[in-house]
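**Student:** Below you will find the structure I want to go over with you.
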Amino acid sequence: MESLLNRYRSITVLLLVIFAQLVLIAVQVKNDQDVRMIRVWTVTAVTPVARIVEGLRSGSTGLLRSYVLLRDTNQKNRRLLAELDRLKLENTFLRSELNRADRGQALAVFQSHTPSKTVAATIIGIGAGANSKVVFVDRGTVSGVERGMAVVTPDGIVGKVIAAYPVTSEVLLITDPDFAAGVISQKGQVRGTLKGQGAPTCKVDYVPFEEKVEPGEWFFTSGDDRIFPRGFPVGVVKAVRSAQPFKEILVEPSGFDRGLEDVLILIEGVHQAVPDTPPGNQPVYIAPPPPVPATPPADVQPVPKSGPVGTEADKLRAHYKAIGDAQGHTFGVGLPGSKPPDFNLTPPPAAGPGAAGPGAAGPPAVGPGAGGRGPGQAPPGGSSQR
Amino acid sequence: MTYPGGRILLSSQREGQVSRFRAWVLLAVPLAAILFQIYVPLFFQFLGFLEMPLLVVVYFALMRRSQVSGLLVGALVGLAQDSLSKNPLGMLGIVKTLVGYFAASVGMRLDVDQVFLRLVLAFFFYVFHQFFYWVLVRALLTQQLAFEMQKWLVLGLLNAAVGVSLFHFLDKLRERS
Numbered sequence: 002m003e004s005l006l007n008r009y010r011s012i013t014v015l016l017l018v019i020f021a022q023l024v025l026i027a028v029q030v031k032n033d034q035d036v037r038m039i040r041v042w043t044v045t046a047v048t049p050v051a052r053i054v055e056g057l058r059s060g061s062t063g064l065l066r067s068y069v070l071l072r073d074t075n076q077k078n079r080r081l082l083a084e085l086d087r088l089k090l091e092n093t094f095l096r097s098e099l100n101r102a103d104r105g106q107a108l109a110v111f112q113s114h115t116p117s118k119t120v121a122a123t124i125i126g127i128g129a130g131a132n133s134k135v136v137f138v139d140r141g142t143v144s145g146v147e148r149g150m151a152v153v154t155p156d157g158i159v160g161k162v163i164a165a166y167p168v169t170s171e172v173l174l175i176t177d178p179d180f181a182a183g184v185i186s187q188k189g190q191v192r193g194t195l196k197g198q199g200a201p202t203c204k205v206d207y208v209p210f211e212e213k214v215e216p217g218e219w220f221f222t223s224g225d226d227r228i229f230p231r232g233f234p235v236g237v238v239k240a241v242r243s244a245q246p247f248k249e250i251l252v253e254p255s256g257f258d259r260g261l262e263d264v265l266i267l268i269e270g271v272h273q274a275v276p277d278t279p280p281g282n283q284p285v286y287i288a289p290p291p292p293v294p295a296t297p298p299a300d301v302q303p304v305p306k307s308g309p310v311g312t313e314a315d316k317l318r319a320h321y322k323a324i325g326d327a328q329g330h331t332f333g334v335g336l337p338g339s340k341p342p343d344f345n346l347t348p349p350p351a352a353g354p355g356a357a358g359p360g361a362a363g364p365p366a367v368g369p370g371a372g373g374r375g376p377g378q379a380p381p382g383g384s385s386q387r
Numbered sequence: 173m174t175y176p177g178g179r180i181l182l183s184s185q186r187e188g189q190v191s192r193f194r195a196w197v198l199l200a201v202p203l204a205a206i207l208f209q210i211y212v213p214l215f216f217q218f219l220g221f222l223e224m225p226l227l228v229v230v231y232f233a234l235m236r237r238s239q240v241s242g243l244l245v246g247a248l249v250g251l252a253q254d255s256l257s258k259n260p261l262g263m264l265g266i267v268k269t270l271v272g273y274f275a276a277s278v279g280m281r282l283d284v285d286q287v288f289l290r291l292v293l294a295f296f297f298y299v300f301h302q303f304f305y306w307v308l309v310r311a312l313l314t315q316q317l318a319f320e321m322q323k324w325l326v327l328g329l330l331n332a333a334v335g336v337s338l339f340h341f342l343d344k345l346r347e348r349s
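These protein sequence lines map, in sequence, to chains A and B. One point on numbering: in the numbering used here, the residue at position 124 of the first sequence is 125, and numbering is uninterrupted. One point on numbering: in the numbering used here, the residue at position 147 of the second sequence is 319, and numbering is uninterrupted.
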C-alpha cells in the first residue's frame with residue numbers, strides 16, 4: 002500500500018488539491034458566500050507591497066517629472082527671455098518709429114505753417130572730436146543747402162550749416178563752444194548773444210547787468226546775426242546770475258526736446274514776430290460751436306406745454322372732466338341722488354394740441370350698444386359721483 | 173545549461189538536473205508576478221495581456237522537475253490570483269494546479285533549458301490555461317465565456333516570447349550546484 006502511494010504520490014496530491022479546490026468552489030457557489038479569510042491573507046500579503054511599489058513609482062515619477070518639467074521650465078525660461086529681449090527690441094524700435102513719426106508729423110506741420118522755405122533733413126552722423134557738437138545731415142547742395150543756413154526743429158533752433166557738400170551737410174549745433182547767434186528775450190526784449198558751452202546748456206552773453214531777465218523766460222532769435230530769422234524759439238532761461246559788466250544767463254535749448262534726428266534747414270528764412278506767450282503756453286485754438294438749426298427736425302416731437310401729463314389716473318381724470326364739461330356737469334357740486342353724467346358719451350375733441358394728446362390716448366370711445374359697458378354700468382375707477 | 177548532444181528528449185528522469193532556488197526567490201518571484209499583473213496594467217494597459225503568474229508557474233514547474241512542487245506552486249499562485257479577482261476561489265487555482273503538474277511532468281522528460289522548447293512550452297501552456305479556464309467557467313459557474321481561440325493563439329505567442337526572456341532572467345536566480 003505504501004509503495005502504491007509512493008508510486009502515485011504526485012497524482013494523488015494533484016487529485017487532492019483539485020478536489021479541495023472543487024469543494025471550495027462548491028461551497029462558495031452553493032452558499033453564495035465568499036471565503037473571506039483566504040482573500041484577506043492574499044490582500045494583506047500583496048497590497049503592502051503594492052503600496053510600497055506605488056510609493057516608489059509615484060516618488061520616482063514625480064521626481065522624474067519634476068526634473069523633466071524643470072528642464073522644460075529652464076528651456077521655456079530661456080525661450081521666454083529671448084522672446085522678452087526680442088519684444089523689448091521691437092518695443093524700442095516701435096517707440097522710436099512712433100517718436101520718429103511724431104517728429105516727422107511735427108516737422109511737416111511746422112513746415113507747412115512757417116513762412117520760411119525749409120528742407121527736411123535727417124541726421125546721419127556726428128562729427129569727430131570729444132568736445133565737438135557737430136552733426137551731419139543727409140541734405141547738401143543738391144537740395145539747395147548752403148553754408149551758413151540755419152537748422153531748426155519745430156521746438157527751436159538747432160544749429161547752422163558750417164559746410165555743405167553735394168548730398169550732406171555739416172551742422173554746428175548751438176551747444177558747440179564756437180556757436181553764436183543773436184537772441185532776444187520774450188518779455189523785456191533784451192538782446193544778447195547765444196553761445197554754446199560744450200554742455201547741454203548754452204549761455205546768453207552780452208546782456209547788461211541792469212537788464213531784467215528772469216528764470217523761465219524764453220529767448221527767441223533776434224535775426225541780428227543774419228543767419229536765424231527773427232522769432233524762432235531758442236530756449237528757456239534756467240539761471241540768471243548778476244555779474245559785471247554782463248549778466249550770466251544760462252539757457253536750456255528747446256530745439257533738442259524731442260531728440261535730434263530730423264531737422265529743417267531754412268533755405269529762405271523769413272522773419273517773424275516774437276510771440277507774446279511762451280511756445281508751450283500759446284492759446285489753444287477752439288473751433289466755433291456748431292450752428293443751431295432754426296427749426297427742430299421733423300422727427301422730433303414737440304413737448305406739449307400744457308394738458309394732463311403723468312400717470313394713468315391723471316389721464317382718466319382728464320377724460321372724465323372732458324365728459325363732464327361736454328354735458329355741463331361739474332363734479333363735486335351735485336347732491337347725492339342727482340343724475341350723473343353719461344360716461345359712455347364720447348368727449349368732444351380737444352381744440353389745442355396739448356389737450357388732445359393724453360386725452361386721445363386714453364380709453365377708447367365706446368358708443369351705446371357697441372359692446373362693453375352698457376348704460377347704467379358703473380364707470381371704471383368709481384361707482385359714485387363725488 | 174544544455175545537455176550533451178543538444179538532445180531535447182531526456183533518456184531518463186535521473187538525467188534531468190533539478191534546479192534549486194532560494195526560499196525568497198520562490199516567494200518573491202510569484203508575488204512580483206501577481207503584483208505585475210494587478211498593478212502594471214493600471215498604467216500600461218497594453219501589458220494586460222501578459223500572464224506573468226502563469227509564466228512563473230510554468231518556469232518553476234519546469235525547472236524543479238517535481239510534479240508535487242509544480243502543482244503546489246500552481247495552486248498557491250492560482251488561489252492568490254483568485255483572491256485578487258472576483259472569481260470564486262479555486263477557479264484559477266485548479267487551472268494553474270493542472271498547469272504546474274503537467275509542466276513539471278514535461279520538465280522531467282525534456283531538456284527545458286533550450287530556448288525553443290521554452291518558447292513552445294510557454295505557448296502551449298498559455299493556450300491550455302486559457303482553454304481549461306474557459307471549460308471550468310462554463311462547467312462550474314455556467315457562465316458564457318467567449319471562446320476566442322485566435323486571440324489565445326496570438327496572445328500565447330506574445331506570452332511565450334516574453335516568457336523566454338523571463339525564464340532567462342529567472343535562470344540567474346537559480347542556486348549554483
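Ideal Cβ placement from N, Cα and C applies to all residues, glycine included.
Quick one: residues in its chain with C-beta nearer than 6 Å to the C-beta of A:V249, no 5 flanking neighbours on either side, listed in chain order?
**Tutor:** One detail in the question is off: residue 249 of chain A reads as Glu in this sequence, not Val. Excluding residues within five positions, the ones whose Cβ falls inside 6 Å are R242.
**Student:** Any beta-carbon of chain B closer than 9 Å to the one on A:S61?
**Tutor:** No - not a single Cβ of chain B is within 9 Å of the one on A:S61.
**Student:** Within this structure, are the beta carbons of A:A195 and A:I175 separated by less than 9 Å?
**Tutor:** One detail in the question is off: residue 195 of chain A reads as Leu in this sequence, not Ala. Yes; because the gap between Cβ atoms is below 9 Å, this pair is in contact.
**Student:** In whole angstroms, what is the alpha-carbon distance linking B:F300 and B:L227?
**Tutor:** Between B:F300 and B:L227, the C-alpha separation is close to 12 Å.
**Student:** Which residues of chain B have a Cβ atom closer than 8 Å to the Cβ of A:P10, listed in chain order?
**Tutor:** It is Arg, not Pro, that sits at residue 10 of chain A in the sequence shown. The contacting residues are V240.
**Student:** Can you pull the chain A neighbours of B:L384, defined as C-beta to C-beta under 8 Å?
**Tutor:** Here chain B has residues from 173 to 349 only, and residue 384 of chain B is not among them.
**Student:** When you compare the CB of B:L251 with every CB in chain A, is at least one pair closer than 9 Å?
**Tutor:** With 9 Å as the cut-off, B:L251 counts as an interface residue toward chain A.
**Student:** For A:F344, count neighbouring Cβ atoms within 10 angstroms of its own Cβ and tell me buried if that reaches 16, exposed if not.
**Tutor:** By the 10 Å Cβ count, A:F344 comes out buried.
**Student:** Just how far apart, CA to CA, sit B:Y211 and B:F304?
**Tutor:** Spanning the two alpha carbons is a distance of roughly 25 Å.
**Student:** Does the beta carbon of B:F232 come closer than 9 Å to any beta carbon on chain A?
**Tutor:** B:F232 does not count as touching chain A.
**Student:** Where does B:M235 land, buried or exposed, given buried means 16+ other C-beta within 10 angstroms?
**Tutor:** Buried is the call here.
**Student:** From A:G160 to A:D73, what does the alpha carbon distance come to, in whole angstroms?
**Tutor:** Approximately 56 Å between the Cα atoms of the pair.
**Student:** Considering only DSSP beta bridges, list what A:K196 is partnered with.
**Tutor:** Per DSSP, A:A181, A:K204.
**Student:** Check the C-beta distance from B:P260 over to A:Q76 and give it rounded, since I have them as a contact under 8 Å.
**Tutor:** At roughly 55 Å, the Cβ-Cβ gap does not stay under 8 Å, so B:P260 and A:Q76 are not in contact.
**Student:** Applying a beta-carbon distance threshold of less than 8 Å, which residues of chain B neighbour A:T74?
**Tutor:** Chain B residues near A:T74: none, gap ~25 Å exceeds 8 Å.
**Student:** Which complete beta strand (DSSP E) runs does the stretch 67-124 of chain A hold, if anything under 3 residues is left out?
**Tutor:** Counting whole runs of 3 or more residues, the stretch 67-124 of chain A contains no beta strand (DSSP E) stretch at all.
**Student:** Taking only three categories from DSSP, how would you classify B:A333?
**Tutor:** Residue state, collapsed to three classes: helix.
**Student:** Applying the criterion that 16 or more other CB atoms from any shown protein chain within 10 Å of the CB defines a buried residue, is A:S11 buried or exposed?
**Tutor:** Result: buried.
**Student:** Expressed to the nearest angstrom, what Euclidean distance is found between the alpha-carbon atoms of A:G145 and A:V153?
**Tutor:** In a straight line, the C-alpha of A:G145 is about 16 Å away from that of A:V153.
**Student:** Going by beta carbon distance, what residues of the same chain come within less than 7 Å of B:V292, once the five residues before and after it are set aside?
**Tutor:** Correct list: empty, nothing qualifies.
**Student:** Using a Cβ-Cβ cutoff of less than 6 Å, which residues in the same chain neighbour A:D177 once the five nearest sequence positions on both sides are dropped?
**Tutor:** For A:D177, where only same-chain residues beyond five positions count, the Cβ hits under 6 Å are K134, G197.
**Student:** Which one of A:I19, A:L95, A:F220 has the shortest CA to CA distance from A:Y254?
**Tutor:** Note that residue 254 of chain A is Pro in the sequence shown here, rather than Tyr. When each option's Cα is compared against that of A:P254, the closest is A:F220.
**Student:** Do A:L1 and A:L90 have their C-beta atoms closer together than 9 Å?
**Tutor:** The structure shown does not extend to residue 1 of chain A, since chain A spans only 2 to 387, so no value can be given for it.
**Student:** By DSSP, does A:I222 sit in helix, in strand, or in coil?
**Tutor:** As written in the sequence, residue 222 of chain A is Thr, which differs from the Ile given in the question. Correct three-state label for A:T222: strand.
**Student:** Grab the span of the alpha helix (DSSP H) containing B:T412 for me, first residue to last.
**Tutor:** Outside the displayed span of chain B (173 to 349) sits residue 412 of chain B, for which this structure offers no information.
**Student:** Answer with buried or exposed for A:I125, where buried requires no fewer than 16 other C-beta atoms within 10 angstroms of its C-beta.
**Tutor:** When all chains shown are included, A:I125 counts as exposed.
**Student:** Taking only beta-carbon positions, decide if A:L57 is within less than 9 Å of chain B.
**Tutor:** No, A:L57 lies away from the interface with chain B (no Cβ there is under 9 Å from its Cβ).
**Student:** Span of the beta strand (DSSP E) holding A:R242?
**Tutor:** Residues 234-242.
**Student:** If I follow the unbroken alpha helix (DSSP H) through A:T13, where does it start and stop?
**Tutor:** It spans 10-32 - the alpha helix (DSSP H) in which A:T13 sits, taken as one unbroken run.
**Student:** By the criterion of Cβ-Cβ separation under 9 Å, what are the contact partners of A:A51 in chain B?
**Tutor:** Correct list: L207, I210, Y211.
**Student:** Determine the contact status of A:P337 and A:G325, defining contact as a CB-CB distance below 9 Å.
**Tutor:** The answer is no: Cβ separation not under 9 Å.
**Student:** Can we say the stretch 235-249 of chain B touches the stretch 30-41 of chain A, given the rule of at least three CB pairs closer than 8 Å?
**Tutor:** Verdict: no, contact absent.
**Student:** Do you know how far the Cα of A:P116 is from the Cα of A:D226?
**Tutor:** For A:D226 and A:P116, the distance between alpha carbons rounds to 19 Å.
**Student:** Counting only the same chain and skipping the five closest in sequence on each side, list residues whose C-beta sits under 7 Å from that of A:K167.
**Tutor:** It should be noted that the sequence gives Pro, not Lys, for residue 167 of chain A. Excluding positions up to five away in sequence, the list reads G141, T142, V143.
**Student:** Look at B:M263 and B:L313 and say whether their C-beta atoms are less than 9 Å apart.
**Tutor:** For B:M263 and B:L313, yes; Cβs fall inside 9 Å.
**Student:** Is it buried or exposed for B:V229, if we count other Cβ within 10 angstroms and need 16 for buried?
**Tutor:** Buried, because 16 or more other Cβ atoms sit within 10 Å of the Cβ of B:V229.
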